[in-house]
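The numbering used here numbers the first residue of the sequence shown as -10 and each following residue consecutively.
Ideal Cβ positions, reconstructed from N, Cα and C, are used throughout, including at glycine.
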Amino acid sequence: MEPDAVPVSVAIPVYNGMPYLREAIESVLGQTVAPAELRIFDNASTDGSAAVAAAMLPPGAVVVSDQNLGAVANFNRALLAASQPYFMWLGADDRLAPAFLERALAALEASPSAAACLTAVRFIDGDGVYFYDQVDHELASVDPRTRLRPFLRRRRWTEFYCLYRTEALLGSPRVLPVHGSDVLLTWWLLLRGPFAVIDERLLDYRVAGVKSVEEVTENLAPGSSREHWLKIRMWMALWQMTGDPQVPASTRRVARQELASVLLGTAWWYHLAEDVTLRWPWIRRLIGRFVTLPRVARPREVSGEPRRLRRVLRRRRSR
């Protein structure tokens, strides 16, 4: 540990993280303030990820499993191994801006009641090209409705990748063995209070391709049985969490109202459609025979959101 290191543990859980793992590690090593702890938790990768990480970090910084434990077990063991009062997971294909830890740590120290601090996110493609961003100002609100409503209406949730107070995570359900466990953890924390939010794009989130039901299930827990209706199960779990008696009654009431209102909006139907096409892939193929499904053009470096995306987001924000 460097003498002037800050009290932060950074963990990068990985399974076959090449070719992006090197970028993720370099982004942590390039921080304006060094974390006291950076460890890689390799889940029996077969693409040389562990060797690449070991060549970049000091002895003992890379923990390698003999077999694939699944994402849930790997993320949780990374948390349990943390030795510092602040902690974050970093995706093996994501990367941090140099000032991420410095800004996020300062924000948490200035907001003692916040369980976590997140920054604005830049979405990038496989080549690292930026195409739009997202910032969650509302999650800093002390008003439960203000922070819960927009969170439920996200089309893409990235709040999981932020800087946490380790104590807050250890007192949570941690990463649950269900699809959407990142969403559930964030929801659990938001039911109890606001986050600190930084309006700077300090995290690059790489957008991956759509996975099949088998891939999702196998990634969570290898060898487990195939499950369907993954998104619907996630929404059911969100509802169940609102019944926790540790959450103030007024917040529970607001949370249930907002969850119920989602059933009347587009977010619910979007996820239902995803579940249907994952459950019966032939439906998507059939639709594709009669309807030209939109193709994703190569993103360009732009100062704002692409024109088509701006129109979509404008309609969503006006709701």
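Alpha-carbon spacing of residue i relative to residue j, whole angstroms
| i | j | result |
| --- | --- | --- |
| GLY59 | ALA0 | 16 Å |
| HIS260 | ALA23 | 40 Å |
| ALA103 | LEU174 | 15 Å |
| THR108 | GLN73 | 21 Å |
| GLY6 | ALA42 | 10 Å |
| ILE14 | GLN20 | 10 Å |
| HIS168 | VAL61 | 10 Å |
| ARG28 | ALA157 | 20 Å |
| ALA25 | CYS151 | 17 Å |
| PHE120 | ASP171 | 23 Å |
| PRO2 | THR155 | 17 Å |
| ARG245 | ALA105 | 23 Å |
| ASP233 | GLY160 | 14 Å |
| THR266 | HIS217 | 11 Å |
| TYR4 | GLU98 | 33 Å |
| TRP146 | ALA50 | 29 Å |
| LEU219 | PRO166 | 12 Å |
| ASP(-7) | GLY182 | 31 Å |
| TYR153 | THR255 | 31 Å |
| VAL202 | ARG222 | Residue placement at VAL202 is poorly supported in this model, since its pLDDT is 47, which falls under 50; the coordinates still yield a value, given next. So the two alpha carbons sit approximately 13 Å from each other. |
| VAL118 | LEU85 | 15 Å |
| LEU178 | PRO87 | 26 Å |
| ARG144 | ALA95 | 29 Å |
| LEU68 | GLU(-9) | 21 Å |
| PRO162 | PRO139 | 23 Å |
| VAL(-5) | PRO133 | 32 Å |
| ALA81 | ASP55 | 19 Å |
DSSP-derived helix/strand/coil call for residue i
| i | result |
| --- | --- |
| LEU79 | coil |
| ARG300 | Low confidence applies to ARG300: its pLDDT is 47, below 50, so where it sits in the model is not reliable, and the reading given next is rough at best. ARG300 falls in the helix class under three-state DSSP. |
| LEU192 | strand |
| SER161 | coil |
| TYR153 | strand |
| ARG84 | strand |
| VAL236 | coil |
| ARG92 | helix |
| VAL167 | coil |
| ALA62 | helix |
| ALA43 | helix |
| ALA249 | helix |
| GLU(-9) | coil |
| ALA185 | strand |
| MET223 | helix |
8 Å Cβ cutoff met for residue i and residue j
| i | j | result |
| --- | --- | --- |
| VAL251 | ARG142 | yes |
| LEU192 | PHE89 | yes |
| TYR194 | ARG111 | yes |
| THR135 | LEU180 | no |
| TRP228 | LEU253 | no |
| VAL17 | LEU79 | yes |
| ASP83 | VAL196 | no |
| MET225 | TRP176 | no |
| ALA93 | ILE187 | yes |
| LEU137 | VAL243 | yes |
| VAL53 | ALA39 | yes |
| ALA185 | SER100 | yes |
| ASN63 | PHE30 | yes |
| ARG190 | ASP122 | yes |
| GLU148 | ASP125 | yes |
Length at least 3, wholly inside the stretch 105 to 141: the beta strand (DSSP E) runs in chain order: Runs of the beta strand (DSSP E) inside the stretch 105 to 141: 105 to 113 and 119 to 123.
The stretch 34 to 50 in contact with the stretch 129 to 136 per 3-pair CB rule at 8 Å: Contact between the stretch 34 to 50 and the stretch 129 to 136 is absent, because fewer than three Cβ pairs lie under 8 Å.
The stretch 0 to 16 contacting the stretch 29 to 40, beta-carbon criterion three pairs below 8 Å: The way I'd put it, the stretch 0 to 16 does touch the stretch 29 to 40; three or more beta-carbon pairs between them come closer than 8 Å.
Complete runs of the alpha helix (DSSP H) confined to the stretch -6 to 34 [at least 4 residues]: Every alpha helix (DSSP H) of 4 residues or more that sits fully in the stretch -6 to 34 is shown, in chain order, as 10 to 18.
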